[in-house]
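Chains as they are written, first to last, in our numbering: chain V, 1 to 269; chain E, 270 to 538; chain F, 539 to 807; chain A, 808 to 1076; chain Z, 1077 to 1345; chain S, 1346 to 1614; chain Y, 1615 to 1883.
Okay, structure first, notes after.
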Amino acid sequence: MTGAYDHLITIFSPEGKLYQVEYAHKAIRSENLTSIAIRGKDCVVAVSEKKVPDRLIEPDTVKHIFTITPHIACLCTGIQGDSRMLVYKAREKAAKYRFKNGVEIPVSYLANLMAGETQFFTQYAYGRGYGTCLIFFSVDDEEGPQVHKVDPSGYTAGYYAATAGTKEVETMAFLEKTLKLPERGRNNSVKDSLRLCLQAMQGAISRELQGTDLEVCIATRDDTCEDGFGKLQFMSAQDIDNELTEMVESGGLTEYLASRQEMDREDTN
Amino acid sequence: MTGAYDHLITIFSPEGKLYQVEYAHKAIRSENLTSIAIRGKDCVVAVSEKKVPDRLIEPDTVKHIFTITPHIACLCTGIQGDSRMLVYKAREKAAKYRFKNGVEIPVSYLANLMAGETQFFTQYAYGRGYGTCLIFFSVDDEEGPQVHKVDPSGYTAGYYAATAGTKEVETMAFLEKTLKLPERGRNNSVKDSLRLCLQAMQGAISRELQGTDLEVCIATRDDTCEDGFGKLQFMSAQDIDNELTEMVESGGLTEYLASRQEMDREDTN
Amino acid sequence: MTGAYDHLITIFSPEGKLYQVEYAHKAIRSENLTSIAIRGKDCVVAVSEKKVPDRLIEPDTVKHIFTITPHIACLCTGIQGDSRMLVYKAREKAAKYRFKNGVEIPVSYLANLMAGETQFFTQYAYGRGYGTCLIFFSVDDEEGPQVHKVDPSGYTAGYYAATAGTKEVETMAFLEKTLKLPERGRNNSVKDSLRLCLQAMQGAISRELQGTDLEVCIATRDDTCEDGFGKLQFMSAQDIDNELTEMVESGGLTEYLASRQEMDREDTN
Amino acid sequence: MTGAYDHLITIFSPEGKLYQVEYAHKAIRSENLTSIAIRGKDCVVAVSEKKVPDRLIEPDTVKHIFTITPHIACLCTGIQGDSRMLVYKAREKAAKYRFKNGVEIPVSYLANLMAGETQFFTQYAYGRGYGTCLIFFSVDDEEGPQVHKVDPSGYTAGYYAATAGTKEVETMAFLEKTLKLPERGRNNSVKDSLRLCLQAMQGAISRELQGTDLEVCIATRDDTCEDGFGKLQFMSAQDIDNELTEMVESGGLTEYLASRQEMDREDTN
Amino acid sequence: MTGAYDHLITIFSPEGKLYQVEYAHKAIRSENLTSIAIRGKDCVVAVSEKKVPDRLIEPDTVKHIFTITPHIACLCTGIQGDSRMLVYKAREKAAKYRFKNGVEIPVSYLANLMAGETQFFTQYAYGRGYGTCLIFFSVDDEEGPQVHKVDPSGYTAGYYAATAGTKEVETMAFLEKTLKLPERGRNNSVKDSLRLCLQAMQGAISRELQGTDLEVCIATRDDTCEDGFGKLQFMSAQDIDNELTEMVESGGLTEYLASRQEMDREDTN
Amino acid sequence: MTGAYDHLITIFSPEGKLYQVEYAHKAIRSENLTSIAIRGKDCVVAVSEKKVPDRLIEPDTVKHIFTITPHIACLCTGIQGDSRMLVYKAREKAAKYRFKNGVEIPVSYLANLMAGETQFFTQYAYGRGYGTCLIFFSVDDEEGPQVHKVDPSGYTAGYYAATAGTKEVETMAFLEKTLKLPERGRNNSVKDSLRLCLQAMQGAISRELQGTDLEVCIATRDDTCEDGFGKLQFMSAQDIDNELTEMVESGGLTEYLASRQEMDREDTN
Amino acid sequence: MTGAYDHLITIFSPEGKLYQVEYAHKAIRSENLTSIAIRGKDCVVAVSEKKVPDRLIEPDTVKHIFTITPHIACLCTGIQGDSRMLVYKAREKAAKYRFKNGVEIPVSYLANLMAGETQFFTQYAYGRGYGTCLIFFSVDDEEGPQVHKVDPSGYTAGYYAATAGTKEVETMAFLEKTLKLPERGRNNSVKDSLRLCLQAMQGAISRELQGTDLEVCIATRDDTCEDGFGKLQFMSAQDIDNELTEMVESGGLTEYLASRQEMDREDTN
């Protein structure tokens, strides 16, 4: 019986479990959304399922990808209110870092700071943990394309491809299978990465995908930027639709898989 | 059994639910009021049911629509005391923003700040959540007519048409059905929007509507205002009555539906 | 079973109820007192039942009507200690307002501030709500005669005639029936209003009324006051007795009802 | 069953009761002491039963009447520790008032401040209420003889004659019966008032009274004091004994009752 | 059933009892020590049973009588840790008084301050009450020999002879019987008082007394001290032994009782 | 039944146990990782099992060994979020020490400070204990190679070889058996120590080890460093693989065991 | 049933017991260590059992005797983390005392301060009590050799010989029997005291003692120190071994007992 140990955040169960943290994960999954971010060559493609809960909502105001700095975006999956709070805190931390150090905050460091924020609420008795999962991504000036995930337990790591939400497990399985290269997609172009994302998302969602069902943000190298930081671009629903159509016509992942096999061959040489 | 997890705000249930937030929604519905705000072309029309609980109350002092700034109003549905507190906080935040930045606060940003306010009370142990739902509306200088809803969970979004209260579900269904245009009412005149609101409200309330049963506020472009912000106008009970009579005589929504079909035809060309 | 949700102020019950607020209302009713305030033409008449719990108490020191400013009075019904605390806070707020703005606080704004005070104790975990109901009244320089009621839930509104206490429901029913004019007593003279109050009070209290059973305060326009604010006058037990005798002799409400019918006729012309 | 609602100070029971306040009254009664203060013409006589719990206690150090200012005394009945704390607070408030305003604190205002002190502990969760009842008395320069009682609930009022403690009800009944004059003892001399007190106390205590069983303080007009404030005099056990003897010899209350009848006659003329 | 009301310090039981205060008294008694302080003519003699719980403890470091100022000592009975804390606080208060007022603190005032300290812990929720009983004694410059007892409830009083601890009731009974003079030992010399103490202690302890079983402190007038304050002297175990032997040889209390009878005779003349 | 005593951090069970501390240990073990640090001659070799929970995670971002200062590293085993928090605190303490004292913090002192940090959370009611075990290691300028372990209870000690995690008991048993020399490995070269670590890790993990399954950090004397502090080197997965292969080929621990026997012989001479 | 009263530190049980304090004592005993400190002539010898819980721990880092000042050491028995915290606090208090007063803190005063520290945690609700027992010892400049024990309840006293831990009762019994001299070992040389300690420890531990099983610290007069303070010397495992061997060979306590008999004879003369 877990009853006795899951009412308080600040205690371990006899098995060393923190039940409230597990329930926070459930809260994320119960939002019925899935999101994916994939690292390619000089790019990161992030896609979030976008479910406008009500057809009277203006779709543009339903967002799951937020810019933190001009170079870093955050893909949030979970309770909307909690996500917004964490996005505000991330912006504040990024701005303070820049003010204090004169340079942009590295995305990996930002992810660590935000993981500290979520860890705090698993240890102290002030309030409940955050019911949201953050995926920070950016094309960093030094480290190149970066994807860092932060979960409610305070866990964080860098990813080749990160997923969150209801279909996290299934999507991850698909990506693990598809992304077999040693560098796991590091040679993928924006196009490759985008197709992969869409394909994975199509797998997660049973109905036919449309541009309005998705939110896509692409971080790429910014050639006009001297310091090497990337830029962030959000795709319009129309562009996503075009991409989806094109993908279906061109036979889905074939192109990518072909190029991958070629790369595999080169690689094994 | 929910008993164990719904006594404390700061814990998740094993299914990842925050019961207190759901109960706060129930508190809103139990006030027995319905409210609607619809975005038209260069206008927003907001209507709240107005139930003077006691015939000895001076009807003018029963208000559900409050001005936050000269350009932004807030339509509150729920516990009166909680609404007033949030209206005061909204006014304070708007005034601080103006003082700090020299320009008016955008209504979308204000909605985000207030959603942060309600989210706070779902996470910390200080007190209960707010039992009220806020719908901010305004004709913004840059974004045009805007309707933003904030609920007790800290959720916020922009809406073509937002509803709250006891008959929220039914009213929303009616509006979804009626507002079929691609831009969802963006071409509607003030008259169109007002009729739509009244019609929707008539559907929500079984008895025959009268001017004293409603509170109506219309935000329109202000031609005398150089910076593009709109103005707010409250309709008198008499004007509402006239409108209702006229609407009944002219056959309800016919005019609007006709114009809509015409627009549909233009649109498909 | 309410048992589980009514022990803590800061939680909603599954039906969205705040039980402690309802119990606070019970606390008011259990004091066994009834009070009435009626708005007339250029006047407000407030009457409180006055039960000296013990014949050794000096009747003058048992008060339910307190002056907040020279123009505003507050009719308190409920736990004496709580009433006094709220009266002190009201005085403080009124004085601060005057100090800060250079003009007297409008009675409607004061009522809103005090409703915020009582709302606070329904949301935070610091202590129990106030077991008292406040009726602020005044002849305002701009808004004329005003009656504003504030209850333990933080609800406030303006009234034509407000009642509170044990017989609140019965008294309210009587007044609703009697006060049928469109402006609900706005044409009533001080005499009319006073008679109405006494009649209503006589209905609430089964035994024969005496001057010592009542506390009466009358706010009227002050002709000597340039800025339009009214003055407050407390009636002596002797004057109340005289009034009661006169009323009985003159056949109770007849005069008033007659004048009302005449006004009704004028009104319908 | 009261069990659930009487463990916390800060909640109402479903009937609107504050159980802890009622228990505090029980705490006062369980101290097994009775006290009386009677207002006469230009005087107040206060008598407290004085039970030295242990014959080894120095009787002078067992006190229930404390001077707050040179003009105001406080008759405390209840838990000794709580009484002392309240007496200290009263002294502090009186001293601050004098320092701030340059004049002595009126006894009625002091009683109101102290009632606020006891009310505080019925509303907030910091600690239990005070298990003591305070009777402030004084011959005030403006209001003349004054008796003000403050109880654990925060209730306060002025009294012709106030009683507290175990035999409060019986003593009050006796005094109500005896003090029938319109002004309720306002014409009584010090001697009359003192006899009345002693007689009432004799009724409350079954055994024969002795000087050492009582503590008597008399506030009278002070002719040497220009500003009209009275002075406080404590009677020695010997003087009380003499008074008791004299009273018994002179046939108890006869003299007073005779004089009262005479006054009644004058009064009815 | 007391179960429900005795777990929290800050609530009364339905009978108005504070159970924790009663348990604190039990804590004192369970230390298995008895102490006595007797006021004589120009002297106070204080004796504490001294049980060295372990024969390896250095007896000098087991103390129950502490000097607060050069003139005031405190005889502590109860939990050692609590006693020490209160002694430190008493020293601090005495030092601050002297610093602020330039004169020594009167022992009665110090006892009142310390009683406030113990009362505090019966009212607030910060922590448990003190499990110790304090007996302050001194030869005061103005009031002469003084014995003041402070208990965990915040009760304090002056005593002719005070006792505390396990055999408090029995010892008190012995002393009440023996100390029959009107002034209750005020004419007793140091020798008389000391014998009385030893005799009482002998009664409380069944085994034969030895010097090492007792701690004795004697406050006497200090002829070398101009301001009339007394001095404190601690007796060595050897001196106590001598006294005990002498007492047994001289037939116990005979001398004292004889002198008392003589005084009685004088007294009745 | 432990139920009653393990819900609160701040209480002992009747057997004097702190259950929450034991559960924190369970939390460490449930992370399914094992780690080892061994002290050699002028070196420390630390190895952590590295389980990339998800093949899409960038393995470089999964770290269990963190540098605290250029000379001190910390091997963390347990909840990732808790580890990171403690690493940040350790870095802060080390930096402050250096700033305040002008020299590097000794690793033993740092371990003591961090043990104080974890002890704090076993005594106060603010939050739960840390679910992580820290092993600090360094080649100190004065004390030479040092390994200090800090556990959630606040226990800390220096070790010849420390292990933590799921297979702590088994690994410790293996190391105790192997490290039999009086100085327990003090004569071991880096190579010896590394082999020993790998062998122990191989024993703990049933499957065949690979470079990517491990994280290895080696602290050695830094000849370029004048003040005697060591440096820290992290091995690449490739180097670990080479080492593993070489170890298997050379017959496991044979070389080390041989050298050890030789040393034993020398030693016994 | 103790269940109800032992979950909270801040309440007494109906018998006046503080259960948490008793459980803290159990926590000390459950550490399975025993320690002894004996006062000799101009010396104190302190011995702690030293159980290195793990053969991989560097024995030097397992310490139970800590220096507080150059003259005062503290022998800690109980939870290691709690001991360290108290040692840090003792060092801080000693340093502050010296800084403020210009002289070293007397060991008895330090023990009193630390007992206040442990008492605090038995009275307030902040956290659990300390699960450790402190024995401070020193050769003081004025008081000579001193041994002061502080337990979790806040009790402290000076000792001829103090013991703590699992075998406290047995060891104490042995020492009481052996140390029969009036001054209880005050004439014992360092050698005598050390032998006594070792013999007592041998009795407490069933297996044969070795130097590595013990930690020994000896405080002696420091002839090079002008102000009379002693110095502290820790014995190496080798020296302890030598002592043990010598002791066994010389027939255990014979020498000491012989000298004691001689002293007894002298003493009785």
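Where is the CB? At the ideal position from N, CA and C, for every residue including glycine.
Bear in mind that the values here come from a model prediction, so they are computed numbers and not experimental data.
query = How close, in whole Å, do the beta carbons of Glu894 of chain A and Phe873 of chain A come, if the pair is a contact with beta carbons under 8 angstroms?
reply = It should be noted that the sequence gives Val, not Glu, for residue 894 of chain A. Between Phe873 of chain A and Val894 of chain A the Cβ distance is about 5 angstroms, and since that is below 8 angstroms, they are a contact.
query = Measuring CA to CA, which of A:Ile835, A:Val946 and A:Val1055 is closest to Gly885 of chain A?
reply = A:Ile835
query = What's the C-alpha gap between Tyr288 of chain E and Tyr1471 of chain S?
reply = 25 angstroms
query = To the nearest angstrom, how far is it from the Cα of His609 of chain F to the Cα of Glu784 of chain F?
reply = 29 angstroms
message = Excluding the 5 residues flanking Gln212 of chain E on each side, which residues of the same chain have their C-beta closer than 7 angstroms to its C-beta?
response = The question about residue 212 of chain E has no answer, for chain E in this structure spans 270 to 538.
task = Spell out a yes or no on whether the segment 560-580 of chain F and the segment 837-855 of chain A are touching, meaning 3 or more CB-CB pairs, one atom from each, closer than 8 angstroms.
result = no
key: Minimum Cβ-Cβ distance from Thr1736 of chain Y to chain Z less than 8 angstroms   = yes
message = Run through chain E and tell me which residues come within less than 8 angstroms of Lys26 of chain V, C-beta to C-beta.
response = Phe281, Pro283, Glu284 and Gly285
task = Under 7 angstroms between beta-carbons, which chain Y residues line up against Arg1131 of chain Z? List them in chain order, please.
result = Glu1790
Distance between Ile778 of chain F and Val754 of chain F (C-alpha atoms, nearest Å) = 8 angstroms
key: Own chain, CB closer than 7 angstroms to Asn381 of chain E, minus 5 neighbours either side, in chain order   = Thr425
message = Please report whether the beta-carbon of Met1615 of chain Y lies at a distance below 8 angstroms from any beta-carbon of chain S.
response = Low confidence applies here, because Met1615 of chain Y scores a pLDDT of 38, under 50, leaving its location unreliable; read the following figure in that light. Not one chain S Cβ lies under 8 angstroms of Met1615 of chain Y.
ask   = What do you reckon, are the CB atoms on Ala1149 of chain Z and Gly888 of chain A nearer than 8 angstroms?
value = no
key: Sufficient close CB pairs (3 or more, under 8 angstroms) joining the segment 1703-1723 of chain Y to the segment 1756-1763 of chain Y   = yes
inquiry  = According to DSSP, is Ser1380 of chain S part of a helix, a strand, or is it coil?
reply    = strand
ask   = Using the C-alpha atoms, what's the distance from Arg1283 of chain Z back to Val1324 of chain Z?
value = 14 angstroms
task = Keeping to the same chain, check which residues put their C-beta closer than 6 angstroms to that of Gly1304 of chain Z; ignore five residues upstream and five downstream.
result = Asp1217
request  = For Glu1513 of chain S, collect the residues of the same chain with a Cβ closer than 8 angstroms to its Cβ; drop the 5 residues on either side in sequence, then sort them by chain order.
outcome  = Arg1374 and Thr1379
request  = Entirely within the segment 1194-1255 of chain Z and at least 3 residues each: give me those beta strand (DSSP E) ranges in chain order.
outcome  = 1208-1216, 1220-1226, 1232-1234 and 1237-1241
request  = Return the first residue and the last residue of the alpha helix (DSSP H) that Ser1697 of chain Y is part of.
outcome  = Gln1694 to Asn1715
query = With which residues is Phe1579 of chain S paired in a DSSP beta bridge?
reply = S:Cys1562
key: Proximal residues, the segment 338-364 of chain E versus chain F, C-beta separation under 9 angstroms   = Ile348, Gln349, Gly350, Asp351, Arg353, Met354 and Tyr357
request  = Could you have a look at Val1676 of chain Y and say whether DSSP puts it in helix, strand or coil?
outcome  = coil
task = Note down the Cα distance separating Tyr429 of chain E from Ala95 of chain V, rounded to an integer number of angstroms.
result = 34 angstroms
query = For the putative contact between Val1121 of chain Z and Leu1270 of chain Z, defined by C-beta atoms under 8 angstroms, what is the C-beta separation to the nearest angstrom?
reply = 5 angstroms
key: Under 8 angstroms between C-beta atoms of Gly1361 of chain S and Gly1779 of chain Y   = no
message = Please report the distance separating the alpha-carbon of Cys1542 of chain S from that of Leu1589 of chain S.
response = 11 angstroms
inquiry  = Rounding to the nearest angstrom, what Cα-Cα distance links Leu1132 of chain Z and Pro1359 of chain S in this structure?
reply    = 28 angstroms
request  = Report the three-state DSSP secondary structure of Leu1401 of chain S (helix, strand or coil).
outcome  = coil
inquiry  = Quick check: Arg898 of chain A and Ile875 of chain A, are their CB atoms within less than 8 angstroms of each other?
reply    = yes
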